[in-house]
Amino acid sequence: MPAHEGRFPLTRHSVLAAVQSDDGAVRRLGWDALVRAYWKPIYKHLRLRWRADEERARDWTQEFFARAFEKSFFDSFDPKRARFRTFLRVCLDRFAANEHESEGRLKRGGGTAPLALDFVSAEGELAGVDLPAPDGFEERFHREWMRSLFEAALADLRQICVDEDRMHQFEAFRRYDIEGPDSSTPIQYADLARDLGVPVTQVTNWLHWARAKLRTLLLARLRELCPTDEEYREEARALFGVDPR
Amino acid sequence: MTRNPADAFGLTVGDPTLAHLRSVVDQPDVTGTRYVLVEHVGRGGMGTVWRARDVQLDRDVALKVLTEPEPMLAREMADRLVREAKVIARLEHPGIVPVHDAGVLQDGRAYYAMKLVVGRRLDEILGDNPTEPERLRIFARMCEAVAFAHACGIVHSDLKPANVMVGPFGEVLVLDWGLARVGDAQAQEPALVRAGTEGFMAPEQKLGTGALDPRVDVFALGRVLAELSIGARETVAIVAKATAQEPSDRYERVLDLLADVERFQAGERVEAVGEGLAPRLRRFYRKYRAAVWLVGTYAVLRLGFEVVRIWMHGRNP
Chain P
1 MPAHEGRFPL TRHSVLAAVQ SDDGAVRRLG WDALVRAYWK PIYKHLRLRW RADEERARDW
61 TQEFFARAFE KSFFDSFDPK RARFRTFLRV CLDRFAANEH ESEGRLKRGG GTAPLALDFV
121 SAEGELAGVD LPAPDGFEER FHREWMRSLF EAALADLRQI CVDEDRMHQF EAFRRYDIEG
181 PDSSTPIQYA DLARDLGVPV TQVTNWLHWA RAKLRTLLLA RLRELCPTDE EYREEARALF
241 GVDPR
Chain D
1 MTRNPADAFG LTVGDPTLAH LRSVVDQPDV TGTRYVLVEH VGRGGMGTVW RARDVQLDRD
61 VALKVLTEPE PMLAREMADR LVREAKVIAR LEHPGIVPVH DAGVLQDGRA YYAMKLVVGR
121 RLDEILGDNP TEPERLRIFA RMCEAVAFAH ACGIVHSDLK PANVMVGPFG EVLVLDWGLA
181 RVGDAQAQEP ALVRAGTEGF MAPEQKLGTG ALDPRVDVFA LGRVLAELSI GARETVAIVA
241 KATAQEPSDR YERVLDLLAD VERFQAGERV EAVGEGLAPR LRRFYRKYRA AVWLVGTYAV
301 LRLGFEVVRI WMHGRNP
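First to last, the sequence lines map onto chains P and D.
So for the first sequence, the working numbering puts the first residue at 1; every next one is plus one.
So for the second sequence, the working numbering puts the first residue at 1; every next one is plus one.
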């Protein structure tokens, strides 16, 4: 089954509602989506904001999800008071402060199996990152959350290209839109067209298709993660638009 | 727990890539239209604005495209964008940017094309401290455009310096008609009634009470005049009158406000200053007519009673 079809089905308020569901299987799917979206921002926040070393940040990330799962942290979320992302970060800071105080007494509760999270890649992404100013951690957390969202949507896009035999499209997109901006010598449409053996207009069409598809996939991911329509709209505007004046 | 699928092909999105992707996924799909996107130039209340090339007429235009997350939620905003285009299309005036074209793009987002305005926003210009005559000239042109819209039955309802553009030849353009009210249409759109910008919204607009008339624009223009920092006693009085809490205490029309500003510029006595006792009493009577009648009737009856009582007392000491 293609990865994008195997994801949690798109419904209103799906992830948070699923996390709070009485049905164990649904709850598990909800947690899966929640962890996928937030584990990296959480790990990086613990490393940067709480100056936790690698091992402690890994333990705390695992422990935070385990405890949130057991103690239903997110049941008290009230969409009228904050965005879910902000609420989660506040929970995380409270958790980290408690852990900090009870140093050395960390016990993983409930026999929860550790999550298979690729901390090595997250650590690699932190290399060379400057420590944010004291009031910049919220913004940093937001950016990391956004990065996770884009990474997940890009993986969805790739899977669609594999399933629909559109790897040429993905290859053009990968080289121009994913690798290009990070490269010191950005590639041109004409170079891509030559390398892929197609006219420049074809490259234009492929890139256009991939960007439009990515937009749809991002919005689908976002829709899953936002507990209310209002939050969804605000997040979508913040995601795509320039800063409101 | 599954791996993060993004890791499936070893992908790491760096900051430059993240910024680039955010930009490109927002690009409107102009396939099948007469436009080619050139660059992103800004963001309005409902969507993003792009400089685009009209390949048929070989000229640059501004393309305002709705930024909305999904078709169901976008419908209301799309309706508003189309409505804005129709509102502007009705307003042929040198102070209002003309609309050329409107429609729906292939990606489902509503758009309209308008004249590309090159210039600076009034709020930016004010930072350069322009001369007093220049500030008042811009204000006067702004008033004329708004007065024209009122004559066409349209109330802007979101006037502020950020919605005024001044071109390189001094032309003044009133922008962003997305919240404009057309006739009684706002009664059908309750979501619009309270919309506006804090600091420039009239009290009745903030509260969402009743129908909004051109006096909400008089209020906002009063606030804009205050932002111009003229500081003379007369302009302070004009601002006070334009921004009165009660709509009935404000200038009835934008042209009345403009006339008072022009009187100030000509060194004549402005209506808002030095109002005599009689007009003030007349205004007081209009506002508290019932109470005045009640108190007056009581006073006359009481006086009559006292006269009769004294007269009776004189006859029978």
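C-beta: ideal position from N, C-alpha, C; glycine also.
From a predicted model like this one, the values you see are computed outputs, not experimental measurements.
Here DSSP, grouped into helix, strand and coil, assigns Gly153 (chain D) to coil.
The distance from the Cβ of Val174 (chain D) to that of Ala145 (chain D) is about 5 Å, consistent with a contact at the 8 Å cut-off. Remark: C-beta atoms of Ala62 (chain D) and Leu81 (chain D) do not approach each other more closely than 8 Å. Taking C-beta atoms as the reference points, Val182 (chain D) and Met142 (chain D) fail to come closer than 8 Å. If you draw a straight line from the Cα of Lys64 (chain D) to the Cα of Gly103 (chain D), it comes to about 11 Å.
If you check each beta-carbon in the segment 209-234 of chain D against every beta-carbon of chain P, none falls closer than 7 Å.
Within the segment 18-95 of chain D, the complete beta strand (DSSP E) segments of 3 residues or longer fall at 35-43, 47-54 and 59-66, listed in chain order. Runs of alpha helix (DSSP H) with 4 or more residues, each lying fully within the segment 261-301 of chain D, are found at 277-287, listed in chain order.
For the segment 98-179 of chain D, the continuous alpha helix (DSSP H) assignments of 4+ residues that do not extend past its boundaries occur at 122-126 and 132-151, in sequence order. For the pair of segments examined, the segment 241-257 of chain D was found to touch the segment 211-230 of chain D: the number of CB pairs separated by less than 8 Å reaches three. The shortest CA-to-CA distance from Ala226 (chain D) to any of D:Glu39, D:Thr243, D:Thr17 and D:Ala113 is the one to D:Thr243. Taking a cut-off of 8 Å on C-beta distances, the segment 82-94 of chain P touches the segment 221-231 of chain P, as three or more cross pairs fall below it. For Ala212 (chain P), the closest of D:Val13, D:Val24, D:Leu11 and D:Lys115 by C-alpha to C-alpha distance is D:Val24. Per DSSP, the unbroken alpha helix (DSSP H) holding Cys161 (chain P) starts and ends at Phe137 to Asp163.
Sequence-distant partners of Leu126 (chain P) (beyond 5 residues in either direction) whose C-beta falls short of 7 Å from its own C-beta, in its chain, are Lys44 and Arg47.
At a cut-off of 8 Å, the C-beta of Gln56 (chain D) has no neighbouring C-beta in chain P.
Chain P has a Cβ within less than 8 Å of the Cβ of Leu21 (chain D). The beta carbons of Ala190 (chain P) and Val198 (chain P) sit no closer together than 8 Å. Here Arg181 (chain D) carries a strand assignment [DSSP, helix/strand/coil]. Under the Cβ criterion of 8 Å, Gly170 (chain D) is not counted among the residues facing chain P.
Taking every protein chain shown into account, the CB of Glu139 (chain P) has fewer than 16 other CB atoms within 10 angstroms, so this residue is exposed.
By a beta-carbon distance limit of 8 Å, Val261 (chain D) contacts Phe139 (chain D). Their separation comes to about 7 Å. Restricting attention to P:Phe141, P:Asp75, P:Glu63 and P:Phe173, the CA atom closest to the CA of Ala37 (chain P) is found in P:Phe141.
For His208 (chain P) against Asp29 (chain D), the beta-carbon gap comes to about 7 Å, under 8 Å, which counts as contact. Per DSSP, the continuous alpha helix (DSSP H) segment holding Lys71 (chain P) begins and ends at Glu54 to Lys71. A residue is called buried once 16 or more other Cβ atoms fall within 10 Å of its Cβ, and Trp311 (chain D), having fewer, is exposed. DSSP places Tyr251 (chain D) outside both helix and strand once states are collapsed to three, so it counts as coil. Counting the other CB atoms within 10 Å of its CB gives Phe200 (chain D) a total of 16 or more, which places it among the buried residues. At a cut-off of 8 Å between beta carbons, Glu138 (chain P) makes no contact with chain D. The residues Leu136, in chain order, have a CB closer than 7 Å to that of Gln265 (chain D) in the same chain once the five nearest residues on each side in sequence are set aside. In the DSSP assignment, Leu34 (chain P) falls within the alpha helix (DSSP H) that extends over Gly24 to Leu48. Residues Ala96 of the same chain have their beta carbon placed closer than 6 Å to that of Trp50 (chain P), with the five preceding and five following residues left out of the count.
Interface flag for Met146 (chain P) against chain D is set, since a Cβ pair is found closer than 8 Å. Of the residues assessed, Asn163 (chain D) falls on the buried side of the cut-off, its CB having 16 or more other CB atoms within 10 angstroms.
Residues of chain P whose Cβ lies closer than 8 Å to the Cβ of Pro161 (chain D) do not exist, since the nearest Cβ in that chain is about 11 Å away.
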